[in-house]
Each structure stands twice: as structure tokens, then as C-alpha cells.
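**Student:** Take the sequence shown: its position 60, counting from 1, is numbered 59 in numbering that gives the first Met the number 0, and each next residue is one higher.
Mind having a look at this structure? Questions to follow.
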Amino acid sequence: MKLRHLWITVMITALAGCDGYIAVKGTVYEWNNPPRNAAEKIIVDKQVPFDFLDVTPIVGAKVTVFHGGDYGKKELAEDTIWQRSQTTNSEGFFNIGDVTAPSKFTAIIRAQKEGYQKVETKFLHDKLMHEAIILLIKNPLVSTHATQTQ
Numbered sequence: 000m001k002l003r004h005l006w007i008t009v010m011i012t013a014l015a016g017c018d019g020y021i022a023v024k025g026t027v028y029e030w031n032n033p034p035r036n037a038a039e040k041i042i043v044d045k046q047v048p049f050d051f052l053d054v055t056p057i058v059g060a061k062v063t064v065f066h067g068g069d070y071g072k073k074e075l076a077e078d079t080i081w082q083r084s085q086t087t088n089s090e091g092f093f094n095i096g097d098v099t100a101p102s103k104f105t106a107i108i109r110a111q112k113e114g115y116q117k118v119e120t121k122f123l124h125d126k127l128m129h130e131a132i133i134l135l136i137k138n139p140l141v142s143t144h145a146t147q148t149q
């Protein structure tokens, strides 16, 4: 009987230890006065000197990390349980973390806010902590309308 309880305890512990973890932190910025051909961008796990850019932190942007599946091989299921979202704070900062699959896989990060062009990108989840810099550009229709009404 003791051996049976020991076996059950070992199996529960082993199964509980099969989870992984993903964490992504970063800042969402508005890219002010971007070049005409510029596109919104998400830069993950790369040091990028962008001091020369005219950027402002965006408050209230929704950042979502889709994780747990390998989105490099299949379409993103919008209703997947493998997602976590957060709204940026007054400094444009977000910090998302969640239990996930215990292996390397392709994850997706998305940022969106009304009045801006939505952006998403795939990245390789191969370590615990990821860092992201997100540059959003105002939707041209919103910018044009705002200029005309002033």
C-alpha cells in the first residue's frame, strides 16, 4: 500500500513538473513622424538603438502573447487558451507571463490600440524571459481626420 501511494505521489510530481513558462516585457511607443514607407514594428530579443527616433510611450495599448502552440507551423487560433493579454501602463510598459508548453516553439506577440495600425510578429520562444520594443504608427485615416477638425 505504501508503495502504491509513493508511486502516485511520484507520478503527480512528475506530471506537474512538465510545464514551461513564458515571460515577455517591454514598452509600446507611438512612432511620431515616421518615414512615408515605414511600417509598425515589434522587435523581440534584440538590442536596437532607437534614440534617434521620435517616440512617445502609449498608454492603454493591448498587448497579447499567443503561446503554447507552434504558430510557425499552423494558423493562429484566435480563441486558443494559450494567450495572455495586458494593457500598457502610463509609461507604455507591459509585463506578461504565463505557464506554457515545456519546449521551444514559435510564439506570437500582438499590439493594438484604437487609432493605430495593429501589429504582430512571430518569435522563437527558447528562453524564459523575452524583451520587446513595439513601435505603433497612427492610422492614416485618424491622423488626417484629426488634422482636418483642428
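By construction, the Cβ of each residue, glycine as well, lies at the ideal position given by its N, Cα and C atoms.
Since the model is a prediction, treat every value here as computed from it, not as a measurement.
(1) Below 6 angstroms CB to CB, which residues in the same chain sit around H212 once its five sequence neighbours on both sides are set aside?
(2) Take every Cβ of the segment 119-139, pair it with every Cβ of the segment 40-52, and state whether three or more of those distances are shorter than 8 angstroms.
(3) The beta strand (DSSP E) that contains D50, what's its start and end?
(4) Comparing alpha-carbon positions, which option in E74, P56, G19 lies nearest F92?
(5) When you compare the segment 106-117 with the segment 59-77, are there three or more beta-carbon pairs, one atom per stretch, that lie closer than 8 angstroms?
(6) Compute the beta-carbon to beta-carbon distance between I95 and V23, rounded to the nearest angstrom, for a pair I have assumed lies under 8 angstroms.
(7) Going by CA-CA distance only, name the one from K73, A38, E39, W30 that's closest to D53.
(8) Taking only runs that begin and end inside the segment 86-135, name each unbroken beta strand (DSSP E) of 3 or more residues, in chain order.
(9) Closest to N88 by C-alpha separation, out of Y70, V58, S102, T99, would be which residue?
**Tutor:** In terms of the structure at hand:
(1) The shown model of the chain, from 0 to 149, leaves out residue 212, and the question about it has no answer.
(2) Contact holds: three or more Cβ-Cβ distances are below 8 angstroms.
(3) Where D50 is concerned, there is no enclosing beta strand (DSSP E), given that its DSSP letter is neither H nor E.
(4) P56
(5) The segment 59-77 and the segment 106-117 touch, with three or more beta-carbon pairs separated by less than 8 angstroms.
(6) 5 angstroms
(7) W30
(8) 92-99, 104-111, 118-124, 128-135
(9) V58
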